[in-house]
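Undergrad: A single structure is presented below for examination.
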Amino acid sequence: MSEQTEYDVVVIGGGPVGLSCGWQAAARGSRTLVLDRVGFFNERLGTSGAERHWRLQYTQEDLFQLTLAALPQWRRLEDLAERTLIHEIGSLWFGDVEVETNEGQIAGTARMMDKLGVGYDWLTAREIESRFGFTNLPDHFAGFLQPQGGTIDVRGTIAALYGLAQEEGCDLRGGERVLELVPDADGVSLRTDRGRYRASKVVLANGAHANDLLAPLGASIDIRLYEMALVTMRRRSEDVDFPFWFVFQEPTPEDTNLFYGFGRNPWSPSELVRLGPVFEVDALEHADLATNTPNPRHISRIGEFIGRHLPALDPEPVRTGTCLAVLPGDPRRQFFLGTAQGLVDHGEHLVLYSAGWGFKFVPLLGQICVDLALDGRTAHDISRLSPTAPQEESQ
Numbered sequence: 024m025s026e027q028t029e030y031d032v033v034v035i036g037g038g039p040v041g042l043s044c045g046w047q048a049a050a051r052g053s054r055t056l057v058l059d060r061v062g063f064f065n066e067r068l069g070t071s072g073a074e075r076h077w078r079l080q081y082t083q084e085d086l087f088q089l090t091l092a093a094l095p096q097w098r099r100l101e102d103l104a105e106r107t108l109i110h111e112i113g114s115l116w117f118g119d120v121e122v123e124t125n126e127g128q129i130a131g132t133a134r135m136m137d138k139l140g141v142g143y144d145w146l147t148a149r150e151i152e153s154r155f156g157f158t159n160l161p162d163h164f165a166g167f168l169q170p171q172g173g174t175i176d177v178r179g180t181i182a183a184l185y186g187l188a189q190e191e192g193c194d195l196r197g198g199e200r201v202l203e204l205v206p207d208a209d210g211v212s213l214r215t216d217r218g219r220y221r222a223s224k225v226v227l228a229n230g231a232h233a234n235d236l237l238a239p240l241g242a243s244i245d246i247r248l249y250e251m252a253l254v255t256m257r258r259r260s261e262d263v264d265f266p267f268w269f270v271f272q273e274p275t276p277e278d279t280n281l282f283y284g285f286g287r288n289p290w291s292p293s294e295l296v297r298l299g300p301v302f303e304v305d306a307l308e309h310a311d312l313a314t315n316t317p318n319p320r321h322i323s324r325i326g327e328f329i330g331r332h333l334p335a336l337d338p339e340p341v342r343t344g345t346c347l348a349v350l351p352g353d354p355r356r357q358f359f360l361g362t363a364q365g366l367v368d369h370g371e372h373l374v375l376y377s378a379g380w381g382f383k384f385v386p387l388l389g390q391i392c393v394d395l396a397l398d399g400r401t402a403h404d405i406s407r408l409s410p411t412a413p414q415e416e417s418q
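The working numbering applies: residue 24 is where the sequence shown begins, and numbers increase by one.
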């Protein structure tokens, strides 16, 4: 270990949000360290796979405002990395327009786009079928295409953030697990499996493992862990492609009945596409219990949906995998984001981000966490997302 054990900012978790924090803290001149228990560029937790959904639209106005604020941050990141990271292939939402999900609600989101002046095409079931190749959709289905939505290059983003953090002088240490953190009146002491550190501020960006470090301090956040299936399928024709799509349906007794799919990745030579169910069932007690093996029933369910409604794809999977989704116990909350003041003693020295579908916010989350750590405030409205915000206020 380096003799330098004192830092202005220590970031726990070296995924996309942690690397974004490391880069932006170091860029502001802070002595910064990012620690990851497994190692950088691993895909064991929430960053598995090559792509994530990019969208502007949200049902909730505060989150919608955050995506609008995130877009220029993405453009800045792309300029610095000299590569395109957001590909605007479109974001298609369709199905039962009043169904409430962790992704949002179609009707409410359309109203919010109207309010904020974000354009979209409203589509009937028959129009969705004729434009995008779906078949046999229920007559009451409807939805919209938001043309600025699309897909994010996950691995390109992580590589860009890692490189920028290095350039700014951030210390990056993989394969080092934080065993304990103890906030006090002057900062935070940390013990890892390799040594000890002292920090003025600590950012907890370790997702599924946040409670491992909060529990010894007498605190926890209400998160749920789901091992969701990933499915790769083959297009029947190279002439067929899709926007990102998400179908909203009433839940069944067995699952949440939600499915999504991507088009062909514009940055990849592969002709395959990735899809999956979003089933919030069979929650895990701990991230270490993940099997990395998808539930066969969940694979069958997405295959059945594709076989019935999207004939341009071969419903037989080319390969399968899993992604560990970390979601708030109360889906109205969407995220935990803020300082730990009021959650633990001397929590003003801890900044926390965990849970939710957050990849679309990565550059902005880094900025917000660093602003909270270094300035004690942020210009963005995240009051509803605070770890100590009462759940009844998380509307």
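From the three backbone atoms N, C-alpha and C, an ideal C-beta is built for every residue, glycine too.
If you follow the beta strand (DSSP E) that glycine 118 is in, where does it begin and where does it stop?
TA: 114 to 118 is the span of the beta strand (DSSP E), which, as asked, contains glycine 118.
Undergrad: Assuming the contact rule is C-beta atoms closer than 8 Å, phenylalanine 382 and proline 95 should be a hit. Round their C-beta distance to whole Å, please.
TA: With 8 Å as the limit, phenylalanine 382 and proline 95 do not qualify as a contact, their Cβ atoms being about 17 Å apart.
Undergrad: Using C-beta distances below 6 Å, list every residue in its chain close to serine 243, excluding the 5 sequence neighbours before and after it, in chain order.
TA: Asn234, Leu237.
Undergrad: Select from Met256, Trp380, Val263, Gly241 the residue whose C-alpha is nearest the C-alpha of glutamate 327.
TA: For glutamate 327, the nearest C-alpha among the options comes from Met256.
Undergrad: Enumerate in chain order the residues of its own chain whose CB-to-CB distance from tryptophan 145 is below 6 Å, with the five nearest sequence positions on each side excluded.
TA: Phe167.
Undergrad: Keeping to the same chain, check which residues put their C-beta closer than 7 Å to that of alanine 93; ignore five residues upstream and five downstream.
TA: The residues are Lys383, Phe384, Pro386, Leu387.
Undergrad: How many Å lie between arginine 7 and glutamate 152 at the Cα?
TA: Outside the displayed span of the chain (24 to 418) sits residue 7, for which this structure offers no information.
Undergrad: Runs of 4 residues minimum, wholly inside the segment 28 to 74: which ones carry the alpha helix (DSSP H) assignment?
TA: Whole alpha helix (DSSP H) segments, 4+ residues: 39 to 50.
Undergrad: Pairing CB atoms from the segment 175 to 188 with CB atoms from the segment 79 to 86, are three or more of them under 8 Å?
TA: No: the two stretches stay apart, fewer than three of their Cβ pairs being nearer than 8 Å.
Undergrad: Taking the DSSP output, what are the residues bridged to histidine 434?
TA: Given that the chain is displayed from residue 24 to residue 418, the structure contains no residue 434 and the question cannot be resolved.
Undergrad: Is it buried or exposed for glycine 361, if we count other Cβ within 10 angstroms and need 16 for buried?
TA: Label assigned to glycine 361: buried.
Undergrad: Using DSSP's beta-bridge definition, name the partner residues of histidine 110.
TA: Per DSSP, Thr174.
Undergrad: On the three-state DSSP scale, how would you describe serine 25?
TA: In this prediction, serine 25 scores a pLDDT of 47, lower than 50, which makes its location untrustworthy; no coordinate-derived value is stated.
Undergrad: Leaving out five residues on either side along the sequence, give the residues of the same chain with a beta carbon under 7 Å from the beta carbon of leucine 42.
TA: Excluding residues within five positions, the ones whose Cβ falls inside 7 Å are Val57, Ile181, Leu184, Tyr185, Ala188.
Undergrad: Could you tell me which residues DSSP pairs with glutamate 123 in its beta bridges?
TA: DSSP lists no partner for glutamate 123.
Undergrad: Just verifying my parser: in three-state terms, what is the DSSP assignment at aspartate 85?
TA: Here aspartate 85 sits in helix by DSSP.
Undergrad: Can the beta-carbon of phenylalanine 267 be found less than 8 Å from the beta-carbon of glycine 113?
TA: Yes.
Undergrad: Please name the residue in Leu248, Gly241, Ile129 whose C-alpha comes closest to that of glycine 365.
TA: Taking only the C-alpha atoms, the option nearest glycine 365 is Gly241.
Undergrad: Among the residues of its own chain, which have a CB less than 6 Å from the CB of isoleucine 129, if the five just before and after it don't count?
TA: Result list for isoleucine 129: Trp116, Val120, Gly166, Phe271, in chain order.
Undergrad: List the endpoints of the continuous alpha helix (DSSP H) containing glutamine 390.
TA: It spans 385 to 398 - the alpha helix (DSSP H) in which glutamine 390 sits, taken as one unbroken run.
Undergrad: What residue range does the alpha helix (DSSP H) around serine 153 cover?
TA: 148 to 155 is the extent of the alpha helix (DSSP H) around serine 153.
Undergrad: Starting from leucine 202 and walking both ways along the beta strand (DSSP E), at which residues does that stretch end?
TA: From DSSP, the beta strand (DSSP E) with leucine 202 extends over 201 to 207.
Undergrad: Count the CB pairs spanning the segment 168 to 176 and the segment 131 to 147 that are closer than 8 Å, and state whether there are at least three.
TA: With the cut-off at 8 Å, the segment 168 to 176 and the segment 131 to 147 touch.
Undergrad: Do you know whose CA, among Val393, Arg287, Glu294, Ile325, lies nearest cysteine 44's CA?
TA: Of the candidates Val393, Arg287, Glu294, Ile325, the one whose C-alpha sits nearest the C-alpha of cysteine 44 is Val393.
Undergrad: Look at the alpha carbon of aspartate 337 and the alpha carbon of proline 317, and state the distance between them as a whole number of angstroms.
TA: So the alpha carbons of these two residues sit roughly 19 Å apart.
Undergrad: Give the DSSP-derived three-state secondary structure of phenylalanine 164 in the structure shown.
TA: Phenylalanine 164 falls in the coil class under three-state DSSP.
Undergrad: Quick check on aspartate 194: does DSSP put it in helix, strand or coil?
TA: Of the three classes helix, strand and coil, the one that applies to aspartate 194 here is strand, per DSSP.
Undergrad: Comparing the CB of arginine 221 with every heavy atom of the ligand ATP, is any distance shorter than 7 Å?
TA: The ligand content of the structure shown is nil, which means the ligand ATP is not present either.
Undergrad: The beta strand (DSSP E) spanning arginine 247 covers which residue range?
TA: Looking at the DSSP string, the run of the beta strand (DSSP E) that includes arginine 247 is 246 to 258.
Undergrad: Have a look at arginine 247 and threonine 314 and give me their C-alpha separation to the nearest angstrom.
TA: Between arginine 247 and threonine 314, the C-alpha separation is close to 16 Å.
Undergrad: Measuring straight from C-alpha to C-alpha, what distance separates serine 409 and arginine 356?
TA: When rounded, the distance between both Cα atoms is 9 Å.
Undergrad: Would you kindly report the start and end of the unbroken beta strand (DSSP E) that includes arginine 297?
TA: It spans 295 to 300 - the beta strand (DSSP E) in which arginine 297 sits, taken as one unbroken run.
Undergrad: Span of the alpha helix (DSSP H) holding threonine 132?
TA: That run of the alpha helix (DSSP H) goes 129 to 139.
Undergrad: Please go through the same chain and pick out, in chain order, the residues whose beta-carbon is closer than 6 Å to the beta-carbon of phenylalanine 285, but skip the five residues on each side of it.
TA: So the list reads Glu74, Thr174, Phe267, Val296, Arg297, once near-sequence residues are dropped.
Undergrad: Under the rule that 16 or more other beta-carbon atoms within 10 Å means buried, what is asparagine 159, buried or exposed?
TA: Classification for asparagine 159: exposed.
Undergrad: To the nearest angstrom, how far is it from the Cα of glutamate 261 to the Cα of phenylalanine 155?
TA: Cα-Cα distance, rounded: 14 Å.
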